[in-house]
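Numbered per the working numbering, the sequence shown spans residues 279 to 793. For each residue, glycine too, the CB sits at the ideal point set by N, CA and C. Quick caveat: nothing in here was measured; it's all calculated off a predicted structure.
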Amino acid sequence: MDAGLLRPWGHSLPIGDAFGPALESDVRTIAIINQKGGCGKTTTAINLSACLAEQGKRVLLIDLDPQSHCAAGLAVPEKQIDQDISDALLAPTDRRLDAKRLVWRIAHNLDLLPSRTRLAAVEAPGGPLASEPEPERRLTSVLERLGVADSHDICVLDCSPSIGLLTYNALAAATETLIPVETSYFSLLGAQKQRRTIRSVSRRLGMRHPTRMLATIHDPTRPLARALFDELARQFGPDLIPAPIRMDPRLPEAASFGRPITEYDDHSNGCADYRSLAVWLLEASSSNASGSDEDESRDEGPDVTVVQSDPPRIRTRPSNGTVSHAESIAATEDEVGSEFDADLIENGEITASVAAIAAQAATLSRAADVSRRAMGRRGTIENPRYRVRAVSGPLRLIEEIQDSAPMQAQRSSVERLFGARAAGQRIMFVQPIELGRRVHVAGTFNNWDPISHAMRHNDELGIHELALDVEPGIHEYRLVVDGRWIDDPHAAETHKNDFGGYNAIVRVTGPEKAR
């Protein structure tokens with residue numbers, strides 16, 4: 279789209295006129311996928327798109343996540359969205375799509391095709407998308423009917439944190455896949471499985487394209503993070519992009535104001551990192567990334583079978599992000615604003631590795647200890663004994679049946695972390711998942727509020743988990759399980775309270791210093 283199409287914020291733009299007939303060659307399409315939430319996926323989709331546009335590429339960002347965080351993070355009010363990606367996916371394939379109603383102009387060279395929460399119903403088992411012919415190819419048809427290959431140079435797909443029909447569509451349309459992985463111990467354990475699952479689905483779709491790993495939420499000042507990044511590099515070699523995204527509080531701030539980091543703070547570390555990522559991707563070719571038969575056979579996993587009036591002119595996001603974003607600010611803070619903020623724990627996300635706490639108390643240095651344990655787990659990661667079969671139902675999605683030995687080994691490594699441990703001014707709470715359905719932590723740090731701090735389910739590890747930043751000192755707490763107050767059975771230190779029970783004690787010394 280040339281500069282002549284640009285207008286001041288708040289004016290209508292004839293974006294639809296810029297979409298022409300599809301060319302024979304496919305537009306470069308980057309699918310950003312990770313089944314794990316909180317890894318910086320949406321933040322990467324938004325800011326990578328902005329940096330690619332800054333490099334002179336015409337970029338279309340498509341939100342395939344029903345949570346609609348791309349729109350929230352770019353100050354597009356959901357109430358003003360006329361049509362979204364679900365309308366495009368369900369539109370008859372013999373009709374040309376109206377880009378004027380679908381696409382929003384965000385900035386020069388950057389457009390957004392948003393989603394809304396109704397997209398979840400579209401993808402659901404028995405939903406309208408599953409009943410369409412070739413349901414996993416609908417997005418490919420959308421790109422063709424929009425003429426994206428003629429109007430844009432690059433298409434970026436922000437996928438939902440699950441492997442479902444929308445993700446199948448993304449993989450069928452993609453020319454390459456990007457997997458954001460935060461530099462934490464648990465993310466490292468799941469990285470190989472993420473790539474293996476994505477490659478398996480891609481093979482069944484008849485697609486072979488590069489699959490690259492991107493380190494996110496990276497703190498290079500911490501020995502643990504550096505050790506885990508080195509382990510990622512050892513495991514994935516050239517498939518790990520050598521441009522990690524550092525942890526930067528300016529990134530969630532930018533999202534909360536509905537701006538990409540290039541507009542919000544172009545001198546920040548986050549902006550510099552995403553610019554480096556954009557340049558690297560533009561210089562990289564398919565030949566120097568994974569996707570060859572040799573690479574695929576090395577970690578080939580089990581196959582997965584995929585079954586299954588005049589329109590209003592297009593609007594732009596309003597220029598004043600703090601005002602126009604008021605209606606969508608809550609949704610932004612719910613995920614986009616927290617993806618890179620290690621200090622936000624309202625959503626129960628543990629952004630620091632629980633393993634880091636245990637390693638800190640070990641005789642070895644934290645970095646050496648975590649590297650040793652990660653390497654010890656490598657055999658389990660690279661040679662998992664599990665089968666994949668289709669689940670009966672309209673969509674027939676993926677179900678992984680793991681053998682007991684790897685699960686028992688993983689459980690054994692987590693059990694010693696049960697209870698509460700302090701690292702710096704952060705307390706990490708870990709409890710077995712069978713303790714109860716809903717587990718809250720109440721203590722001196724929250725005035726013994728029994729509902730304010732819920733522990734998050736981590737089904738993969740079979741635990742409840744919570745990270746909480748507190749002031750230095752001695753803190754006491756108890757657990758509230760399904761509404762019932764109980765002692766922490768895994769507490770390392772306790773004292774009897776006035777009610778006949780025992781309060782657990784955690785001693786927080788102060789900020790942790792890098793060694």
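inquiry  = Could you check whether P406 and L368 sit closer than 7 Å to each other, using their CB atoms as the reference points?
reply    = Taking the sequence shown and counting its residues from 1, one reaches residue 368 at position 90. Taking the sequence shown and counting its residues from 1, one reaches residue 406 at position 128. Cβ distance < 7 Å, so L368 and P406 count as in contact.
ask   = Secondary structure at A782, three-state DSSP: helix, strand or coil?
value = Along the sequence shown, read from residue 1 onward, the residue named residue 782 stands at position 504. Residue state, collapsed to three classes: strand.
request  = Just list the beta strand (DSSP E) runs in the stretch 293–372, keeping only unbroken ones of 3 residues or longer that don't cross its boundaries, in chain order.
outcome  = Qualifying beta strand (DSSP E) stretches, in chain order: 306–310 and 337–342.
task = Would you check if there are 3 or more beta carbon pairs closer than 8 Å linking the stretch 490–499 to the stretch 508–523?
result = Yes: at least three Cβ pairs fall under 8 Å.
task = Starting from the N-terminal side, write out each stretch of the beta strand (DSSP E) that is 3 residues or longer and does not extend beyond the stretch 455–531.
result = Counting only runs of 3 or more, we get 489–494.
task = Return the CA-CA distance between R655 and A353, expressed in angstroms with no decimal places.
result = Within the sequence shown, the letter at position 377 stands for residue 655. Within the sequence shown, the letter at position 75 stands for residue 353. Unreliable positioning characterises R655 in this predicted model, as indicated by a pLDDT of 49, which lies under 50. A coordinate reading is not provided.
request  = Mind reading off the beta-carbon distance from A395 to A533? Whole number of angstroms is fine, and I expect it under 8 Å.
outcome  = Taking the sequence shown and counting its residues from 1, one reaches residue 395 at position 117. Taking the sequence shown and counting its residues from 1, one reaches residue 533 at position 255. Note on residue identity: the sequence assigns Thr, not Ala, to residue 395. That pair is no contact at about 18 Å.
Exposed unless 16 or more other CB atoms sit within 10 angstroms - verdict on I752 = Stepping through the sequence shown from its first residue, residue 752 is reached at position 474. Exposure of I752 is indicated by the presence of fewer than 16 other C-beta atoms within 10 angstroms of its C-beta.
query = Hey, quick one: how far does the beta strand (DSSP E) through T772 stretch, first residue to last?
reply = Translated into positions along the sequence shown, residue 772 becomes position 494. That run of the beta strand (DSSP E) goes T772 to K774.
query = Whole alpha helix (DSSP H) runs in the stretch 398–432 with 4 or more residues, listed along the chain?
reply = Restricted to the stretch 398–432, the alpha helix (DSSP H) segments that are unbroken, complete and at least 4 residues in length are 416–424 and 426–429, listed in chain order.
query = How do the stretch 755–764 and the stretch 329–339 stand: do at least 3 beta-carbon pairs fall below 8 Å, yes or no?
reply = Taking 8 Å as the limit for Cβ pairs, the verdict is that the stretch 329–339 does not touch the stretch 755–764.
query = When the Cβ atoms of the stretch 531–548 are set against those of the stretch 441–452, are three or more pairs found closer than 8 Å?
reply = In this structure the stretch 531–548 does not touch the stretch 441–452; the number of beta carbon pairs closer than 8 Å is below three.
query = In this structure, what does DSSP give as the bridge partners for W382?
reply = Indexing the sequence shown from 1 puts residue 382 at position 104. Bridge partners of W382 according to DSSP: L390.
ask   = Is it right to say I523 is buried, meaning 16 or more other beta carbons lie within 10 angstroms of its own, or is it exposed?
value = As a working note, residue 523 is residue 245 in the sequence shown. Buried, by the Cβ-count rule.
ask   = Does DSSP classify I729 as helix, strand or coil?
value = The sequence position of residue 729 within the sequence shown is 451, counting from 1. DSSP, read as helix, strand or coil, puts I729 in coil.
message = Quick check on DSSP: helix, strand or coil for F723?
response = On the sequence shown, position 445 is the one that residue 723 refers to. Shown here, F723 sits in a helix according to DSSP, grouped into three states.
query = Where L388 and Y780 are concerned, what is the direct C-alpha to C-alpha distance, given to the nearest angstrom?
reply = Working through the sequence shown from its first residue, we reach residue 388 at position 110. Working through the sequence shown from its first residue, we reach residue 780 at position 502. Each residue's alpha carbon lies about 58 Å from the other.
request  = Mind reading off the beta-carbon distance from T307 to L390? Whole number of angstroms is fine, and I expect it under 8 Å.
outcome  = Counted from its first residue, the sequence shown places residue 307 at position 29. Counted from its first residue, the sequence shown places residue 390 at position 112. Incorrect: roughly 15 Å between the Cβ atoms, too far for contact.
key: Residue-level contact to chain B via CB, L367, 7 Å cutoff   = Protein chains in the displayed structure number just one, and chain B is not present.
inquiry  = Whether or not the stretch 322–329 and the stretch 408–422 are in contact is what I'm after, with contact meaning three or more pairs of Cβ atoms, one per stretch, closer than 8 Å; do they touch?
reply    = No contact exists between the stretch 408–422 and the stretch 322–329.
ask   = If we call anything under 7 Å between Cβ atoms a contact, is L506 one with T455?
value = For the purposes of this step, residue 506 is taken as the residue at position 228 of the sequence shown. For the purposes of this step, residue 455 is taken as the residue at position 177 of the sequence shown. No. Outside cutoff.
query = Going by alpha carbons, who is nearest to W382 out of Q358, P498 and H735?
reply = Working through the sequence shown from its first residue, we reach residue 382 at position 104. The candidate whose alpha carbon is nearest that of W382 is Q358.
ask   = Distance, Cα to Cα, A349 vs R785?
value = As a position in the sequence shown, residue 349 is number 71, starting the count at 1. As a position in the sequence shown, residue 785 is number 507, starting the count at 1. Each residue's Cα considered, the two are about 42 Å apart.
query = Around the C-beta of H347, are 16 or more other C-beta atoms found within 10 angstroms, so that it is buried, or is it exposed?
reply = For the purposes of this step, residue 347 is identified with residue 69 of the sequence shown, where counting begins at 1. So H347 counts as buried.
query = When the Cα of D428 is compared with those of P750, V305, N775 and A701, which residue comes out closest?
reply = Here residue 428 is taken as the residue at index 150 of the sequence shown, counted from 1. Comparing Cα positions, the closest option is V305.
key: Heavy atom of the ligand MG within 6 Å of S409 beta-carbon   = Annotation note on the ligand MG: not contained in the displayed structure, which lists no ligands.
inquiry  = Rounded to whole angstroms, what is the Cα-Cα separation between L502 and G316?
reply    = The residue you call residue 502 lines up with position 224 of the sequence shown. The residue you call residue 316 lines up with position 38 of the sequence shown. Between L502 and G316, the C-alpha separation is close to 19 Å.
request  = Go ahead and label F696 buried or exposed: buried means 16 or more other beta carbons lie within 10 angstroms of its beta carbon, across all protein chains shown.
outcome  = Within the sequence shown, the letter at position 418 stands for residue 696. Flag for F696 reads buried.
request  = Leaving out five residues on either side along the sequence, give the residues of the same chain with a beta carbon under 8 Å from the beta carbon of L483.
outcome  = If you number the sequence shown from 1, residue 483 lands on position 205. For L483, same chain residues with a beta-carbon under 8 Å away, outside a window of 5 residues either side, are E414, Y446, L449, A450 and V584 in chain order.
ask   = Which residues in the same chain as V748 place their Cβ atom closer than 8 Å to its Cβ, once the five residues preceding and following it in sequence are excluded?
value = For the purposes of this step, residue 748 is taken as residue 470 along the sequence shown, with counting starting at 1. Within its own chain, the residues whose Cβ lies closer than 8 Å to the Cβ of V748, once the five positions on either side in sequence are excluded, are Q703, R704, I705, F723 and V786, listed in chain order.
ask   = Distance, Cα to Cα, I311 vs F707?
value = To locate residue 311, count along the sequence shown from 1; it is residue 33. To locate residue 707, count along the sequence shown from 1; it is residue 429. Rounded to whole angstroms, I311 to F707 spans 28 Å at the Cα level.
ask   = Measuring CB to CB, does H718 end up less than 7 Å from P728?
value = Translated into the one-based positions of the sequence shown, residue 718 becomes position 440. Translated into the one-based positions of the sequence shown, residue 728 becomes position 450. At a Cβ-Cβ threshold of 7 Å, H718 and P728 count as neighbours.
message = How far does the beta strand (DSSP E) with L697 in it extend, from its first residue to its last?
response = Here residue 697 refers to the residue found at position 419 of the sequence shown. Residue 697 is actually Gly in this sequence, not Leu. Bounds of the beta strand (DSSP E) holding G697 are G697 to A701.
ask   = If you compare alpha carbons, which of Y552, L713, G714 and P767 is closest to G318?
value = Taking the first residue of the sequence shown as 1, we reach residue 318 at position 40. The option with the nearest alpha carbon to G318 is Y552.
task = Using the DSSP secondary-structure output, state which residues sit across from W763 in a beta bridge.
result = For the purposes of this step, residue 763 is taken as the residue at position 485 of the sequence shown. According to DSSP, W763 shares a beta bridge with V758.
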